[in-house]
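Have a look at the structure below, then the notes.
Chains as they are written, first to last, in our numbering: chain W, 308 to 584; chain B, 3 to 751.
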């Protein structure tokens, strides 16, 4: 498991992307900071570059013109620029100040939209010290904060950031723990227990359920999750996120094998959403 | 619901093709033109004053044209004297007589004009790729003084003209007034012919709706345009009739059909309050009013559907009050509902724009209705005011045929007078071309400041040459450009007793479109860094590398490409852009035009970024021979930046009021997604206002759909895209333009 590193006495985070004008990760227009390293291996993961904590090169062969300039690259050559954008580095070290200076640039967008910063991944809670520092910095600068997590960490870890987090985007992937383990690599007991405890705090929680055909795309599954959530104390919002294949080309770029699923139909999504309406 | 009107329009306009087979209707138009040309040739023997010549053409047109009324429409405007693709600026119309017939005289009297036209311009355009001057004078991009017409009607104008005639003793000035009087009378008699025609058509057996529409035309064409409109319908009729009639009579493009919500808002509310109109009736009128352009210009089959037809919405009125009302809502909603592409929707916005207005735009745009451009009042109005335009006049600005700024009723701004490729001048400065005496690079400037000042001196020298040539060429437009009727609607002309082409209007600007700001700034920055700061390469070596199109110099190209660029919200590069723009603006603004006015710089480029890209050799920013240059005031296209907030934040680093009211356009391609909601769009525009983004031209597309539309066009016939100042059906475009749009950066969201 990756934990944040302390280089030259400054706490740094391992980040693979900073997405400005992000409009799918919480309310309003946000900047989403993607932490590298995850302790789940969801079969449908659309950010496979987030899984390993190591710096990785991604290679989009369809963009390559075969110029050969990248033949002798190492992980240290992080400044390399491929003219065709075919070879891309994934994973860079940032200090909290660097992240904050990037996030704060879009304050106008947050203020006009009710947005802010979202910390996602990978699993951002695996770099808890760095996460805490950056969340604190955001709050000090009046920026709304959201943490996007799968929740598979000790609750004490979550507790550390409660004072600086306005919103949790919390994944519930499967009701059944065995199935959860089959598709993500871990059971869901800890995740659900953390969610129960989180819902008993004053922090806002949006539960997000990825809808994966053949895995959890049934009304029965949704009803089970709903009953469970009702028993915990209803979250502010429940979002159903249809599986999409946008990440598939990233598997190729990482030379990894993708699991493929079908995309749920609009009718199916409407049917499942009805359970929560 | 509107299929009957669509069929009538299509049937008519199919009979007015451009070239090819001469249909009976086209032959009739040519016959009338030939007749009027003959009569004018006779008239010319004893009358030489251009204004009186033009007004006499108006009289002859009024006598000879045959009105065409579409019984499924309550509007009257079609005179059938122009082909379907002509918006007023071409030869097939009787009013072209003045231009065609006086040209030889001008050539005879000013041989240099002919020389420049025939040789120099062709050289500039085809050989050098440095500027484009399709016309000596921009005879498109006019807007009628609708506000004046709505206040006093033609009768009011006539009354002022006649008062002036009573006291005017100068022969030339009197002739102008006399011409204006004749033209106003001709315009009213044209309307009356429509009234008579409708009356005649009513004698035949008609369906109830046709009877209603024909009766409306019969009654209204007696009042409009003589009197100010008293109802919402009359207002619509005034706009459409005067726009189309003036284009035919004056042989100019009237690119804007009016700031419709400002002009019609009160008339609508009064009608509703008096029970004369219901909202659904108003919607029906607006739909019928907007319908003709797409059909006339055969949009479904046109690979470059330029219509030069816009309406203005939003913004503020002369007193600074926000304009947003039921009419705004009706126009946008009906345009979207009907899936129109035209008229183009030019929407003014500011910090004061209500959420509801922006949301309305956002709702249509995020559904893929790519027909909008958003023009920032907070940039354009102060820019115009800094240029000497009175605040109340500046607040009346409109845009058209794309985003060219016009002061409604204040004169002509020659919005697309000339386009100049700034990176091409840098290119020629770096690597001189013997053909250009005025662009010569110095060998090894000692510092970047020295380099910059030498480059800027060359730039100024070139611009001066252009301005001088334009002034020489434009001697003849003072002869053939006389438009007494158009001038009568412009503030200043009647008071000064001078046509707008002679500088009679309140404002007499010409616009210079500066193309490739981003590419120029990035190139200058690369030179500054690599030559003068890091010393990576000498200037002479750099020139060799560029001459080799970077072949064999990958490492240096990598360095050039990885340097920070304009529109990445970097203070230093953006500061350079600000410096270049402000200095250019200051210089351009001082250059006088042929009407005694000054020049407005703009960063509006239409599709000229593509036109200028091919002849442009490799540039210091890492761009190779022929690669696309930057668009408008936007970033270089040499490499992709997928973060939309960067160019928007950069806008704040550059003072675009330096454009003195000229348009500076930022194109953004957004991905259609369920997350791109109208609310998010509102927030985006709010941030644009905060960041002082001048003009935003958004395109909301699905890259996947664009690719599929190329392969399976039949599945995507309704797919509308914004190209650059115009929108079009994607599947009708040429593969080259389709590919260029597909290659545009789609910002991540």
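Think of the CB as a built atom: it goes at the ideal place given N, C-alpha and C, for glycine as much as any other residue.
Among the candidates the options, whose CA atom is the shortest distance from the CA of residue i?
i              : options                           : result
residue 416(W) : 17(B), 632(B), 180(B) and 645(B)  : 645(B)
residue 694(B) : 377(B), 478(B) and 601(B)         : 377(B)
residue 750(B) : 520(B), 702(B) and 118(B)         : 702(B)
residue 496(W) : 462(W), 344(W), 525(W) and 368(W) : 462(W)
residue 537(W) : 507(W), 409(W) and 553(W)         : 507(W)
residue 167(B) : 269(B), 180(B), 236(B) and 174(B) : 180(B)
residue 422(W) : 362(W), 413(W) and 554(W)         : 413(W)
residue 358(B) : 697(B), 680(B) and 747(B)         : 680(B)
residue 618(B) : 419(B), 630(B) and 106(B)         : 630(B)
residue 459(W) : 440(W), 405(W), 428(W) and 562(W) : 428(W)
residue 189(B) : 349(B), 224(B) and 165(B)         : 224(B)
residue 490(B) : 412(B), 560(B), 529(B) and 462(B) : 412(B)
residue 347(B) : 305(B), 370(B) and 404(B)         : 404(B)
residue 7(B)   : 639(B), 76(B) and 332(B)          : 76(B)
residue 501(B) : 163(B), 93(B), 734(B) and 370(B)  : 163(B)
residue 346(W) : 498(W), 503(W) and 526(W)         : 498(W)
residue 297(B) : 229(B), 287(B), 311(B) and 285(B) : 311(B)
residue 439(W) : 411(W), 551(W), 402(W) and 369(W) : 402(W)
residue 720(B) : 734(B), 709(B), 727(B) and 231(B) : 734(B)
Would you mind stating whether residue i and residue j have Cβ atoms separated by less than 8 angstroms?
i              : j              : result
residue 447(B) : residue 730(B) : no
residue 474(B) : residue 422(B) : no
residue 542(W) : residue 512(W) : yes
residue 78(B)  : residue 299(B) : no
residue 255(B) : residue 90(B)  : yes
residue 429(B) : residue 330(B) : no
residue 321(W) : residue 383(W) : no
residue 672(B) : residue 705(B) : no
residue 112(B) : residue 414(B) : no
residue 578(B) : residue 523(B) : yes
residue 547(W) : residue 580(W) : yes
residue 419(W) : residue 688(B) : yes
residue 622(B) : residue 544(B) : yes
Need the endpoints of the beta strand (DSSP E) that residue i sits in, please.
i              : result
residue 312(B) : 312-316
residue 365(W) : 363-366
residue 400(W) : 399-402
residue 668(B) : 667-673
residue 601(B) : 601-604
residue 426(W) : 423-427
residue 379(W) : Where residue 379(W) is concerned, there is no enclosing beta strand (DSSP E), given that its DSSP letter is neither H nor E.
From what residue to what residue does the alpha helix (DSSP H) around residue i run?
i              : result
residue 590(B) : 573-592
residue 221(B) : 210-225
residue 301(B) : From DSSP, residue 301(B) is part of no alpha helix (DSSP H); its letter is neither H nor E.
residue 337(B) : 328-340
residue 45(B)  : 26-45
residue 107(B) : 99-111
residue 349(B) : Element bounds for residue 349(B): not the alpha helix (DSSP H) but the beta strand (DSSP E), 346-351.
residue 723(B) : It is not in any alpha helix (DSSP H) - residue 723(B) instead sits in the beta strand (DSSP E) that spans 722-724.
residue 516(B) : Unbroken run through residue 516(B) is the beta strand (DSSP E), 512-517; no alpha helix (DSSP H).
Q: Give the residues from the region 626-653 of chain B that approach chain W closer than 7 angstroms (Cβ to any Cβ), ordered along the chain.
A: Correct list: 642, 645, 646, 647 and 651.
Q.
Which runs of the beta strand (DSSP E) at least 3 residues long sit entirely within the region 238-273 of chain B? Give them in chain order.
A. Qualifying beta strand (DSSP E) stretches, in chain order: 258-261.
Q. Quick one: complete alpha helix (DSSP H) runs, 4+ long, within the region 520-574 of chain W?
A. As far as the region 520-574 of chain W is concerned, its whole alpha helix (DSSP H) runs of at least 4 residues are 526-539 and 555-560.
Q: Could you name the residues of the region 410-421 of chain W whose beta carbon sits closer than 7 angstroms to any beta carbon of chain B, in the order they occur along the chain?
A: Flagged, chain order: 412, 413, 415, 416, 419 and 420.
**Q.** Selection of the region 677-701 of chain B by Cβ proximity to chain W, strictly under 9 angstroms
**A.** Closer than 9 angstroms at the C-beta level to chain W, one finds these residues of the region 677-701 of chain B: 677, 678, 679, 681, 682, 684, 685, 686, 687, 688, 689, 691, 692 and 693.
Q: Go through the region 364-429 of chain B residue by residue and report every complete run of the alpha helix (DSSP H) that reaches 4 residues or more, in order.
A: If only uninterrupted alpha helix (DSSP H) runs of at least 4 residues are considered, those enclosed by the region 364-429 of chain B are 379-388 and 393-396.
Q. Quick one, which residues of the region 370-399 of chain B are near chain W if we go by CB-CB under 7 angstroms, in chain order?
A. Those residues of the region 370-399 of chain B that come within reach of chain W (Cβ to Cβ, closer than 7 angstroms) do not exist; the list is empty.
Q.
So if I threshold CB-CB distances at 8 angstroms, which residues from the region 321-336 of chain W count as touching chain B?
A. Against chain B - using a Cβ distance shorter than 8 angstroms - the residues of the region 321-336 of chain W are 326, 327, 328, 329, 330, 331, 335 and 336.
Q) Just by C-beta distance, which residues in the region 544-577 of chain B are closer than 8 angstroms to chain W? A) The region 544-577 of chain B vs chain W, Cβ under 8 angstroms: 556, 559, 560, 563, 564 and 571.
Q: With a floor of 4 residues, list each alpha helix (DSSP H) that falls wholly inside the region 455-527 of chain W, ordered by position along the chain.
A: If only uninterrupted alpha helix (DSSP H) runs of at least 4 residues are considered, those enclosed by the region 455-527 of chain W are 462-468, 484-491 and 496-506.
Q) Using a beta-carbon distance cut-off of less than 9 angstroms, what residues from the region 724-751 of chain B approach chain W? A) Taking 9 angstroms as the Cβ-Cβ cut-off against chain W, the residues of the region 724-751 of chain B that qualify are 749, 750 and 751.
Q: Quick one: which residues of the region 360-385 of chain W get their C-beta closer than 8 angstroms to a C-beta of chain B? List them in chain order.
A: Per Cβ criterion, the list reads 374 and 376.
**Q.** beta strand (DSSP E) segments (min. 3 residues) lying fully within the region 322-349 of chain W
**A.** As far as the region 322-349 of chain W is concerned, its whole beta strand (DSSP E) runs of at least 3 residues are 337-342.
Q: Report the residues of the region 336-357 of chain W with a CB closer than 7 angstroms to any CB of chain B, ordered along the chain.
A: Residues of the region 336-357 of chain W with a C-beta less than 7 angstroms from any C-beta of chain B: 336, listed in chain order.
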